[in-house]
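Residue numbers (my numbering), protein chains in the order written: chain H, 1 to 363; chain Z, 1 to 254.
Ideal Cβ positions, reconstructed from N, Cα and C, are used throughout, including at glycine.
Here is the structure we will look at, set down as structure tokens.
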């Protein structure tokens, strides 16, 4: 006992204990890794295909003609050629088919073919797309070997960066993973340490309060960053998530994650202080996490929300974390470019820790 | 008790919780290397007194010295030389016993081998078990192991045998005696008078926040007899607990 007491050693012992505990806690693993991964996998598979129009070919329609051949070549239209009339009618009503098409040879000469299209009010938008595809196609077929008299459109497309669904979804899921680990994890552990007198037993040792909070924070931040890295790696290699500057982008994302988790842990401290029993932690935590989950652009861009809702979205810290993450990952912004988002998160951090200091209870 | 150096000295200790006066002017001394018992009914102020000495609770007034250190000014130095077992305390979730002992070694800033600590309380075969998977007696022995990590001068045990079966209780008495025999002072609270009589070198009776008697168990019994007290029923040479131990054996099962 002759050596002086070492606060760093105590802090690290706590961090190690807490990290071990977190990795064995099913809820931490589910919230940090499983949920975000499930969403990423779901959106990773459904996204990226682009738009497809489902068009039924009427039974008895001529199939060997330039119209059908051209439609198949567009890549936008999925033709179903062997459905029954009854089935087609049913599906048209439901909007499962966007339209019905039939082509017949003109026995009287020109034009060589008549193309009949039946749209459905159940799928007007796709119907309109089909309409313009058909117009374009008709024009091309009709003007084969003819010089245009007025104008010819010479359109080219530059090869831009392909923005996949995953590029939008992954940063959102990452943000949500950090939010739930920060809020639920912190709230539960401090509540249970307090309730089971674990903290009181700690106080009977020479450990400082700051070491307890710091040790817990190190463990949780470490776990959250490993989770974030895992999500980014799976997203990148399995679903082509864009990391514009490679490793530098990943590092920038981890810096943002750290800021995010620290802010969100502040909410967790507040919840652990407010909760009267273990069963009140989930509802209070949900009040904090659910609105952010829905309104912070986790799944949809907040621009898609009604105008009156957008100011609320723009007040939430997760909005800025998501925003900064997307800018860094997809647009290749550096941390200085997203200083505004970081600054707003820091303001939230200052505010929430001020509240946490008032509400947190040790015993 | 040849060397009666005082290691804990409490004088005029008072603790109020708002209107409630939990401790009202307690004074006593604990001598080095003895087992000192604080006895009394629930709510008498035993735990409060203990927690004030352990520096876990502020006092309203009075003076408390632990090995010459003042609880007001040297709380951290006191924490380094005492071991504390709390009534009904839990441990960090999801960790096994070895990992918990590692954690406490870090908190006390000492290097210990967890298996050696577990050997002291005979829990080597539970090294990989979680605390909540232990039986009542094993839990108490583990708690005592955590109090010994920093090789303390004084160990505080708050109702360590409450809820244990007779075998586990006797086993714990042996462990506590062993700790004292290794040179550590033990302060213990209990509701069981047979336990206090067997285990404690001196006991203090606490009632409504005051000490109403303090002496060796022998002396207190002699005093009572001298006052003319007689048991209503003639005392037999054995009691029901002796029957229980005789029938079920001394070995301890868990």
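Cα-Cα separation between residue i and residue j, rounded to whole angstroms
i, j, result
"residue 40(Z)", "residue 211(Z)", "9 Å"
"residue 278(H)", "residue 89(H)", "56 Å"
"residue 80(H)", "residue 100(H)", "9 Å"
"residue 190(H)", "residue 173(Z)", "35 Å"
"residue 76(Z)", "residue 270(H)", "28 Å"
"residue 8(H)", "residue 109(Z)", "9 Å"
"residue 342(H)", "residue 335(H)", "8 Å"
"residue 332(H)", "residue 249(H)", "7 Å"
"residue 1(H)", "residue 150(Z)", "Low confidence applies here, because residue 1(H) scores a pLDDT of 44, under 50, leaving its location unreliable; read the following figure in that light. Approximately 8 Å, taken between the alpha carbons."
"residue 247(H)", "residue 234(H)", "14 Å"
"residue 1(Z)", "residue 190(Z)", "Low confidence applies here, because residue 1(Z) scores a pLDDT of 45, under 50, leaving its location unreliable and the question unanswered by this model."
"residue 24(Z)", "residue 62(Z)", "10 Å"
"residue 164(Z)", "residue 56(Z)", "26 Å"
"residue 193(Z)", "residue 48(Z)", "20 Å"
"residue 46(Z)", "residue 222(Z)", "25 Å"
"residue 202(H)", "residue 174(H)", "34 Å"
"residue 320(H)", "residue 175(Z)", "59 Å"
"residue 7(Z)", "residue 80(Z)", "15 Å"
"residue 24(H)", "residue 130(Z)", "12 Å"
"residue 324(H)", "residue 65(H)", "52 Å"
"residue 122(Z)", "residue 156(Z)", "20 Å"
"residue 34(Z)", "residue 218(Z)", "15 Å"
"residue 20(H)", "residue 306(H)", "44 Å"
"residue 192(H)", "residue 185(H)", "11 Å"
"residue 62(H)", "residue 55(H)", "15 Å"
"residue 69(H)", "residue 126(H)", "20 Å"
8 Å Cβ cut-off: residues of chain H touching residue i
i, result
"residue 76(Z)", "5, 206"
"residue 107(Z)", "10, 13, 14, 202, 205, 206, 207"
"residue 79(Z)", "204, 205, 206"
"residue 54(Z)", "204"
From the options, residue whose alpha carbon lies closest to that of residue i
i, options, result
"residue 95(Z)", "13(H), 92(H), 186(H)", "13(H)"
"residue 22(H)", "216(H), 95(H), 56(H), 141(H)", "216(H)"
"residue 340(H)", "256(H), 191(H), 75(H)", "256(H)"
"residue 129(H)", "145(H), 112(H), 98(H)", "98(H)"
"residue 128(Z)", "137(Z), 213(Z), 115(Z)", "115(Z)"
"residue 26(Z)", "84(Z), 13(Z), 43(Z)", "13(Z)"
"residue 28(Z)", "20(Z), 21(Z), 37(Z), 98(Z)", "37(Z)"
"residue 118(H)", "134(H), 298(H), 207(H), 282(H)", "134(H)"
"residue 142(Z)", "42(Z), 89(Z), 19(Z)", "89(Z)"
"residue 131(H)", "261(H), 276(H), 76(H)", "76(H)"
"residue 92(Z)", "78(Z), 82(Z), 107(Z)", "107(Z)"
"residue 153(Z)", "69(Z), 10(Z), 97(Z)", "69(Z)"
Interface residues of chain H facing residue i [CB-CB closer than 9 Å]
i, result
"residue 114(Z)", "Result: empty, since nearest Cβ-Cβ is about 12 Å, beyond 9 Å."
"residue 124(Z)", "Chain H residues near residue 124(Z): none, gap ~21 Å exceeds 9 Å."
"residue 38(Z)", "Neighbours of residue 38(Z) on chain H: none; closest Cβ ~17 Å, over 9 Å."
Assigned exposure category for residue i - 16 Cβ within 10 Å defines buried
i, result
"residue 26(H)", "exposed"
"residue 377(H)", "Lying outside 1 to 363, the shown extent of chain H, residue 377(H) is not represented and no answer is given."
"residue 17(Z)", "exposed"
"residue 362(H)", "exposed"
"residue 205(H)", "buried"
"residue 250(Z)", "exposed"
"residue 5(Z)", "exposed"
"residue 235(Z)", "exposed"
"residue 111(Z)", "exposed"
"residue 105(Z)", "buried"
"residue 287(H)", "exposed"
"residue 195(Z)", "buried"
"residue 347(H)", "exposed"
"residue 125(Z)", "exposed"
"residue 220(H)", "buried"
"residue 198(Z)", "exposed"
"residue 147(Z)", "buried"
Within chain Z, partners of residue i - CB distance below 8 Å
i, result
"residue 303(H)", "By Cβ distance, chain Z contributes nothing, its closest Cβ being about 43 Å from residue 303(H), past 8 Å."
"residue 20(H)", "94, 95, 99"
Partner residues on chain Z for residue i, Cβ-Cβ distance less than 9 Å
i, result
"residue 198(H)", "89, 90, 91, 92, 93"
"residue 192(H)", "90, 93"
"residue 25(H)", "93, 94"
Contacts of residue i in chain Z (Cβ-Cβ under 7 Å)
i, result
"residue 17(H)", "92, 95, 99, 103"
beta-carbon residue i near the ligand SAH non-hydrogen atom, thresh 6 Å
i, result
"residue 102(H)", "This structure lacks the ligand SAH; in fact it carries no ligand of any kind."
Where residue i meets chain H, residues with beta-carbon distance less than 7 Å
i, result
"residue 148(Z)", "Ordered by position in chain H, no residue passes the 7 Å Cβ test against residue 148(Z), which lies about 13 Å from the chain."
Next on the checklist: If we require 3 or more residues per run, which beta strand (DSSP E) segments fall completely within the segment 200-235 of chain Z?
Outcome noted: 202-207, 210-215
Checklist entry - Which runs of the beta strand (DSSP E) fall wholly inside the segment 126-175 of chain Z and span at least 3 residues, in chain order? => result 154-158
Item to check | Segments assigned beta strand (DSSP E), at least 3 residues, entirely inside the segment 14-48 of chain Z | outcome: 20-31, 35-39
Checklist entry - Which ranges does the beta strand (DSSP E) cover as unbroken runs of at least 3 residues, wholly within the segment 46-132 of chain H, from first to last along the chain? => result 53-57, 77-80, 99-105, 113-119
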